[in-house]
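Here's the structure, in structure tokens; my notes come after.
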Amino acid sequence: MGSAMNEDLIYEILSVVGEIPAGCVATYGQIARLIGRDKNARLVGKVLSMAEYYGKFPCHRVVNHCGRTAPGWAEQIDLLRREQVFPNENGRVDLKKYQWNHMA
DNA sequence: AATATGACCGAAA
DNA sequence: TTTTCGGCCATAT
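Residue numbers for the first sequence follow my numbering, so the first one is 1 and each next one is one higher.
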């Protein structure tokens with residue numbers, strides 16, 4: 001049987017993650033908003049922490065609202081660099097520059 | 001049942 | 001400008 005968490009919600013989140021184009025990043029809150037749950041950013045993080053279990057998604061393109069990458073996942077930086085997304089010295093992604101604008 | 005924690009956010013002070 | 005604080009949902013203790 002499935003997990004305790006609502007799987008429809010999980011796939012709703014992961015399908016949005018799958019639409020983030022290479023060379024861009026999205027924030028947890030942005031994804032939450034795109035699925036009509038603007039206050040549920042933490043849930044997005046929770047789902048992404050076990051995303052591998054559900055399939056292959058570009059989770060490395062998700063950062064927090066400060067542009068900070070996920071703790072304990074150093075490889076995320078390398079994956080972003082391969083897509084021409086370069087963090088500053090502080091290890092943060094410049095959201096002004098790289099944040100996915102799905103309206104564009 | 002109650003409290004604390006987490007890949008978080010945004011408004012208010 | 002920065003700092004503080006409440007909110008939201010699922011899990012762990």
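Note that CB positions come from ideal geometry on N, CA and C, so glycine has one too.
(message) Is it the case that the segment 81-93 contacts the segment 41-55, given that we only count it when at least three CB pairs across the two stretches are under 8 Å?
(response) no
(message) Am I right that R42 and R68 are in contact with their C-beta atoms under 8 Å? What's the rounded C-beta distance?
(response) Indexing the first sequence from 1 puts residue 42 at position 42. Indexing the first sequence from 1 puts residue 68 at position 68. With a Cβ gap of about 15 Å, R42 and R68 do not count as contacting.
(request) Could you check the C-alpha separation between C70 and H102 for me, to the nearest Å? (result) Position 70 of the first sequence, counted from the first residue, corresponds to residue 70. Position 102 of the first sequence, counted from the first residue, corresponds to residue 102. According to the sequence provided, residue 70 is Ala. The question's Cys does not apply to it. Straight-line Cα distance between these residues: approximately 22 Å.
(message) Taking the straight line between their C-alpha atoms, what separation do you get for N88 and R37?
(response) The sequence position of residue 88 within the first sequence is 88, counting from 1. The sequence position of residue 37 within the first sequence is 37, counting from 1. Near 30 Å, if we compare the C-alpha coordinates of R37 and N88.
(request) Can you grab the Cα-Cα spacing for the pair K56 / Q76, in whole Å? (result) For the purposes of this step, residue 56 is identified with residue 56 of the first sequence, where counting begins at 1. For the purposes of this step, residue 76 is identified with residue 76 of the first sequence, where counting begins at 1. Distance between the alpha carbons of K56 and Q76: 14 Å.
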